[in-house]
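Just so we're aligned, residue 31 is where the sequence shown starts under the working numbering, counting upward by one. We put the beta carbon where it would ideally sit given N, CA and C, even for glycine. Model, not experiment: these values are computed from the prediction.
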Amino acid sequence: MGAAAATPRLLKRPQRLLASLFLPLVIVGLCLFQAHPADAARGGRMGGGSFRAPSMPRSTGGSYGGGYRGGGYRGGGMGFPFLIPIFGFGGGGLFGLLILMAVAGVLVNAIRGVGNAPSIGGAAAAPAMPRNVNMIQVQVGLLASAKSLQDDLRSLAASSDTSSSAGLQRLLQETTLALLRQPDLWVYANAESGSVPFSSAESTFNRLSMNERSKLDAELTSNVGGQRMSDTSSSAGEADATNEFIVVTLLVASTATAKLSGADTGEDLRQTLRILGSTASTELMALEVIWQPEGHGDVLSANDLVTAYPNLQHL
């Protein structure tokens with residue numbers, strides 16, 4: 031009887047083990063899923079950048095000191111070459127999850143490579159590169175009466191040099207200024223930031239960009255990496271009279287260490303935009319400005335805004 035009773039218990043152990051392994055995957059899948067409006071508005075996009083490391087060699091020492099910031103928590107040293115990110119700025123969501131996945135991926139690769147590390151004596155000097163890269167995403171939802179903002183963004187897309195660091199810095203500065211000039215029309219906002227190791231910075235930035243671009247039905251106005259493109263089958267212009275909101279997303283990859291104020295209040299958002307706009311060209315690695323709506327007759331309703339941008343907070 032004892033052996034017979036023990037057999038079902040032994041059979042249940044593998045099932046419990048499988049359940050414990052699959053549960054995190056299910057949670058990650060649910061976090062990655064974001065519903066978007068069935069009839070998403072068309073939008074615009076501009077930006078560019080490069081994640082190539084400088085060629086000047088320097089001695090390497092210390093460890094990655096980056097970590098996800100915000101929420102009043104501060105990461106502590108864990109003996110790894112970076113800190114596990116902590117969701118902050120009152121946000122999190124998919125942005126925070128992608129930052130966490132990037133750091134976790136580097137951690138796994140670091141553990142795998144411990145046994146294959148080359149000897150220090152004959153190692154050549156490594157090329158100089160940033161220890162970590164800060165990913166910053168600021169989103170502002172404005173009343174649709176901010177038509178001059180759309181005009182400013184179209185003008186910037188037509189005139190900006192997105193193939194150089196100086197041009198990208200000017201684009202970031204002018205975009206933040208355009209937003210700062212419309213404080214009476216700010217309704218919603220969200221700001222999130224996190225640090226990732228340099229080796230995973232480009233892929234993380236691309237994932238964040240793809241997530242925001244997928245919220246657009248099409249990109250009517252585009253100036254990315256010095257290439258200007260337009261949808262000749264449609265025309266950009268004022269949205270339909272029934273439109274309610276305009277949303278602008280700033281996605282920045284930077285080596286700057288300035289502490290942002292978040293976007294919990296209008297004053298916090300104002301300070302965040304001012305600091306972000308003052309980023310030096312030598313610290314700016316990549317930039318994307320994405321906005322919607324952008325086409326004649328396009329509408330971004332309150333329901334569409336809540337569905338596509340669930341992390342926006344009312345100011």
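Item                                                                                                                                             : Value
For T206, report the span of its alpha helix (DSSP H) as first-last.                                                                             : S195 to L210
Using only alpha-carbon positions, find the residue among M315, I166 and A286 that is nearest to N220.                                           : I166
Among the candidates E222, F235 and T192, whose CA atom is the shortest distance from the CA of D298?                                            : E222
Does V336 come out as helix, strand or coil in the three-state DSSP assignment?                                                                  : helix
Taking 7 Å as the threshold (C-beta atoms), are Y218 and G171 in contact?                                                                        : yes
Among G224, L345, D328 and G78, which one has its Cα closest to the Cα of N273?                                                                  : D328
Ends of the beta strand (DSSP E) at S375?                                                                                                        : Residue 375 falls outside the range modelled here, since the chain spans only 31 to 345, and no answer is possible.
Within 10 angstroms of its Cβ, does L207 collect 16 or more other Cβ (buried), or is it exposed?                                                 : exposed
Per DSSP, what kind of secondary structure is G307 in: helix, strand or coil?                                                                    : helix
Do you know how far the Cα of N164 is from the Cα of T302?                                                                                       : 14 Å
Three or more beta-carbon pairs under 8 Å between the stretch 279–286 and the stretch 304–320, yes or no?                                        : yes
Give the DSSP bridge partners of N164, in chain order.                                                                                           : S225 and S284
Taking DSSP as the reference, what is the three-state secondary structure of L246?                                                               : coil
Are L246 and G79 closer than 7 Å when you measure CB to CB?                                                                                      : no
Identify the continuous alpha helix (DSSP H) that holds R184 and give its terminal residues.                                                     : K177 to S189
Between L186 and the rest of its own chain, which residues show a CB-CB distance below 7 Å, the 5 nearest in sequence each way excluded?         : M76, L201, E204 and T205
Based on Cα-Cα distance, which residue from F81, N162, V278 and V319 lies nearest to W216?                                                       : V278
Please return the same chain residues whose Cβ sits closer than 6 Å to the Cβ of L179, not counting the five positions on each side in sequence. : A208 and Q212
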